[in-house]
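Everything on this sheet refers to the single structure shown next.
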Amino acid sequence: MEKIKAAIIGSGNIGTDLMYKLERSKFIELKAMIGIDSESDGLKRAKERGYLAFDNGIQALKEHPEVADIVFDATSAKTHVRHAKILAELGKLAIDLTPAARGPFVSPAVKTGDYLSEKNVNMITCGGQATIPIVHAINSVADVSYAEIVATISSKSAGPGTRANIDEFTITTRRGIEDVGGADNGKALIILNPADPPILMRDTIYCEVKNMDEGAITKSIEQMVDKVKQYVPGYRLKQDPLFDGKKVTVFIEVEGAGDYFPVYAGNLDIMTAAATRVAEDFAIQMLEKQSVKSKG
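Note that UniProt numbering numbers the sequence shown so that position 198 is 198, with each residue one more than the last.
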């Protein structure tokens, strides 16, 4: 089966985990891993698995634009701001896994807007991918006036990129809660937990609603959890939603697939799995256009 060529920029934790996810894709063929440190574990693993491995950053794509049609950026928010302009000039579709937010926010479980017409889409944050679908589910039946989320992840699963993007995380996730989740107002917090043994990713979603209907809210949440589980099997409710007047609180746990990091790193898993699913949506569209063109 024909596939769409792809490359990953960023050979850290997220980029390396993404490499394993893309290997299983029916629609995307990973061609290259691009980093800036020739000794990084990600580039070493990419070489071992037969991919092109470049250590000169985005310059590699400028020199070899034919390598990929879809480019995943797993660097940092500040770096992607520069990359976004170059990728646009090269005519590449950018899947942004940083909180840079150069393009529209996307969660594969929440279909908002025609993002398949865009050339740069943003995967929000790990906390956003875990919690915004739940906010959206509640808002769809109860009208959320305020939503607050707390994402707790193991310190061991937070690499240099994650730590460098803490401020951007809170800003981008808050915007995603409002723009994609549908809340009138949002707030986001992230906690790096140093516990040993490491904890699984846990997320708390607190919403104040205008139209309380416990049955409808519970059903909508459960349906959304099933949607997310289609691409993140380790995504689950920790307990039934809690109701108190016009308030609802939801507790989520995310267990990773263990592709690169241990299963406690659900924060990596939900980002890379969501990015893969969104990229596959684009790839399917690209393949359909190619098929029509070849027949015409």
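Ideal Cβ positions, reconstructed from N, Cα and C, are used throughout, including at glycine.
Other residues of its chain near residue i: CB distance less than 7 Å, five sequence neighbours each side excluded
i    : result
L52  : K31, A32 and V67
F243 : E214
I166 : I190
P104 : G113, Y115, E118, V121 and N122
F261 : N13, D17, S157 and L268
Buried versus exposed, by CB contacts within 10 Å (16 or more), residue i
i    : result
G215 : exposed
D203 : buried
S220 : buried
P194 : exposed
N267 : buried
E23  : exposed
K92  : buried
V292 : exposed
K21  : buried
D259 : buried
Q290 : exposed
Contacting residues, own chain, Cβ-Cβ under 6 Å from residue i (five flanking each side not counted)
i           : result
S11         : M33, G35, S40, G42 and L43
residue 303 : The structure shown does not extend to residue 303, since the chain spans only 1 to 296, so no value can be given for it.
G186        : A147, R174, I177 and E178
E29         : K3 and K5
H136        : V110, G181 and G182
S145        : D184, E208 and K210
K247        : E208
E253        : L200, R202, R236 and K238
T170        : A188
C-alpha distance - residue i paired with residue j, whole-angstrom precision
i    : j    : result
F64  : I70  : Position check: residue 64 holds His in this sequence, whereas Phe was assumed. Using only the alpha carbons, I get a separation of about 13 Å.
I9   : T16  : 10 Å
T162 : N56  : 22 Å
E222 : P160 : 34 Å
G127 : I284 : 27 Å
S294 : L87  : 26 Å
E208 : I95  : 32 Å
D281 : Y231 : 13 Å
I134 : K238 : 13 Å
L287 : A74  : 24 Å
A60  : A7   : 10 Å
According to DSSP, residues forming a beta bridge with residue i
i    : result
A147 : G186 and C207
E253 : R202 and R236
D244 : K247
S154 : N193
Cutoff 9 Å: residue i Cβ touching any chain C Cβ
i   : result
G50 : Annotation note: the requested chain C is absent from the structure, which comprises a single protein chain.
8 Å Cβ shell around residue i - same chain, five flanking residues per side excluded
i    : result
K26  : M1, K3 and E280
M224 : A109, P133, I134, H136 and A137
Suppose only complete runs of 3+ residues qualify. What are the beta strand (DSSP E) ranges in the UniProt domain "Semialdehyde dehydrogenase NAD-binding" (5 to 118), listed by chain order? Those beta strand (DSSP E) runs which fall completely within the UniProt domain "Semialdehyde dehydrogenase NAD-binding" (5 to 118) and span 3+ residues are 28 to 34, 52 to 54, 70 to 73 and 93 to 96.
Extract the residue ranges of the alpha helix (DSSP H) inside the stretch 194 to 237, only unbroken runs of 4 or more that lie entirely within it. Taking only runs of at least 4 residues, the alpha helix (DSSP H) segments lying wholly in the stretch 194 to 237 are 214 to 229.
Jot down the residue ranges of each uninterrupted alpha helix (DSSP H) in the stretch 253 to 296, minimum 4 residues, whole runs only, in chain order. 266 to 295
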